[in-house]
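Student: Sharing a structure, written as structure tokens. Questions coming.
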Ligand SMILES: [Fe+2]
């Protein structure tokens with residue numbers, strides 16, 4: 030697979046080499062140097078892709094094996110333990126069979142006789158030579174087209190309108206599965222969202238990052254309301270990953286190049302692989318949930334997702350490009366996207382809405398623009414997991430409803446609630462820098478588990 034990936038990249042490398050050869054003239058020494066460079070580039074791609082694939086697979090196998098052993102060791106009822114073990118192993122095998130089919134399709138797909146240029150030319154030619162449905166030189170033909178259209182507008186074109194989101198749980202699940210994301214309008218208590226917005230602003234004024242909002246009740250009321258929605262969408266009891274996140278963007282700090290706790294996660298990414306996100310029948314076992322605390326717009330930093338229909342690598346977790354949705358190339362650190370940006374969908378919303386997507390749906394948080402700087406995006410983000418899904422062997426244990434209630438009920442001391450914040454801070458350190466003074470202030474040794 031890694032080799033196939035490298036082969037696909039070779040034409041690009043070859044083009045760079047040919048261009049370099051042209052610039053370098055016909056000097057044989059220069060040409061040899063360029064060829065060597067191309068070979069080295071190819072080798073480095075193979076090496077990196079191989080290591081990444083192996084790491085991903087090993088982690089998946091380990092998680093399944095450890096979960097199975099753990100189940101045999103800790104479940105008292107032997108019959109129940111064996112049944113659960115079978116489930117875990119069958120699940121894993123389901124994903125392996127699925128991948129095997131994908132590998133067959135990839136093997137031999139590279140044909141040295143074809144090139145991107147040929148494909149483009151052929152496609153264009155066919156389109157240009159295609160059927161002409163009328164006399165294009167006759168204005169009457171073009172006017173007639175509009176007359177045949179039905180619609181309320183004077184030009185016969187219906188105004189663009191977002192289709193209403195389904196409200197029936199079965200329809201919602203179908204839409205989530207088909208599109209890879211879902212926006213559920215007005216499904217959460219909007220007054221709790223507004224109260225949470227006020228909390229993150231007060232925290233900011235006092236010098237605390239927004240994730241400290243999890244010391245208060247209003248954001249937890251939103252978490253609990255989202256929990257019910259997640260169980261409806263995932264079709265069973267869920268647990269909550271401790272990777273809680275809260276955001277309050279700051280246009281001035283971002284444009285100044287600062288990496289601060291609570292900033293947007295701006296680069297397109299998948300949180301998990303396809304097989305970590307779904308059961309072997311394709312149903313989601315993880316739901317990423319995103320809750321706006323104020324009105325979120327395309328000006329103040331809304332989320333963007335790549336709908337499943339545009340994401341050809343959505344379920345191709347055996348390919349290098351699956352998790353590397355964007356790569357930074359050698360040409361002056363330019364970024365290359367492994368998905369079509371033209372399919373990206375912004376997700377504006379109101380307090381009380383809930384956005385959610387598969388764990389492997391490509392997403393990112395836009396930056397706050399100057400036009401939205403007066404009321405920048407505030408939001409919280411959560412990850413729910415079906416309680417019966419195998420967790421990665423090295424992940425921090427998920428929270429059950431009972432545990433959350435117990436910890437929130439702890440009176441008199443902030444210790445339990447601060448524990449949520451400390452865990453949460455550690456998860457996203459690759460996006461921002463946690464000030465040393467902040468860690469010291471809350472007695473946190475640092476080092477997240479993910
Ligand atoms: Fe993410």
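In the numbering used here, the protein residues as written are 30 to 479. Even for Gly, the Cβ is constructed at its ideal location relative to N, Cα and C.
1. With a threshold of 7 Å on Cβ separation, who are the neighbours of residue 170 within its own chain once the five nearest residues in sequence on each side are excluded?
2. With DSSP run on the structure shown, which of helix, strand or coil describes residue 388?
3. Using the beta-carbon count (16 or more within 10 Å), is residue 349 buried or exposed?
4. Just to confirm, does residue 392 get its C-beta within under 8 Å of one of the non-hydrogen atoms of ligand 1?
5. Between which two residues does the alpha helix (DSSP H) harbouring residue 319 extend?
6. Within 10 Å of its beta-carbon, does residue 266 have 16 or more other beta-carbons around it, so buried, or fewer, so exposed?
7. Identify which residue in 86, 78, 84 and 122 has its Cα closest to the Cα of residue 309.
8. Does the Cβ of residue 481 lie closer than 8 Å to at least one heavy atom of ligand 1?
9. CA-CA distance, residue 261 and residue 65?
10. How is residue 60 classed by DSSP in three states: helix, strand or coil?
11. Please go through the same chain and pick out, in chain order, the residues whose beta-carbon is closer than 6 Å to the beta-carbon of residue 355, but skip the five residues on each side of it.
12. Residue 132: beta carbon under 8 Å from a heavy atom of ligand 3?
13. With distance defined between alpha-carbon atoms, name the residue in 467, 300 and 253 nearest to residue 236.
14. Does the Cβ of residue 317 lie closer than 8 Å to at least one heavy atom of ligand 1?
15. Per the DSSP calculation, residue 306 is bridged to which residue(s)?
16. Can you check which of these residues, 91, 395 and 72, is closest to residue 293 by C-alpha distance?
17. Does any heavy atom of ligand 1 sit closer than 8 Å to the C-beta of residue 459?
18. So what's residue 364 in DSSP terms, helix, strand or just coil?
19. Am I right that residue 279 and residue 405 are in contact with their C-beta atoms under 8 Å? What's the rounded C-beta distance?
20. Check the DSSP bridge columns for residue 356 and list the partner residues they point to.
21. From residue 412 to residue 282, what does the alpha carbon distance come to, in whole angstroms?
22. Give a single yes or no on whether residue 298 has its beta carbon closer than 8 Å to a heavy atom of ligand 1.
23. How many angstroms separate the CA atom of residue 307 from the CA atom of residue 57?
24. For residue 423 and residue 239, I'd like the C-alpha separation in whole angstroms.
25. Would you call residue 101 buried or exposed, if buried means 16 or more other Cβ atoms sit within 10 Å of its Cβ?
26. Measure the C-alpha to C-alpha separation of residue 343 and residue 390 and round it to an integer number of angstroms.
27. Could you pull out every residue in the same chain whose Cβ sits closer than 6 Å to the Cβ of residue 339, ignoring the five residues on either side in sequence?
28. So for residue 291, helix, strand or coil by DSSP?
29. Which of helix, strand or coil does DSSP assign to residue 281?
30. Taking the alpha carbon of residue 199 as the reference point, which residue from 334, 402, 70 and 312 has its own alpha carbon closest?
31. Can you have a look at residue 304 and say buried or exposed, based on whether 16 or more other CB atoms are within 10 angstroms of its CB?
32. Between the alpha carbons of residue 264 and residue 388, how many angstroms are there, rounded?
33. Opposite residue 333 in the DSSP bridges: which residues?
34. Would you decide whether residue 288 is buried or exposed? Buried here means 16 or more other CB atoms lie within 10 Å of its CB.
35. What are the partner residues of residue 212, as DSSP defines its beta bridges?
36. Please report the residue range of the beta strand (DSSP E) in which residue 408 lies.
Tutor: According to the structure shown:
1. 163 and 164
2. coil
3. buried
4. yes
5. First-last for residue 319: 315-321, but that is the beta strand (DSSP E), not the alpha helix (DSSP H).
6. exposed
7. 122
8. Residue numbering for the chain in the displayed model covers 30 to 479; residue 481 lies beyond these limits and cannot be assessed.
9. 57 Å
10. helix
11. 297, 364 and 366
12. Ligand 3 is not among the ligands present in this structure, which contains only ligand 1.
13. 467
14. yes
15. Answer is none; residue 306 lacks a bridge partner.
16. 395
17. no
18. strand
19. 6 Å
20. 365
21. 27 Å
22. yes
23. 54 Å
24. 27 Å
25. exposed
26. 7 Å
27. 369 and 372
28. coil
29. helix
30. 312
31. buried
32. 16 Å
33. 375 and 393
34. exposed
35. 384
36. 407-415
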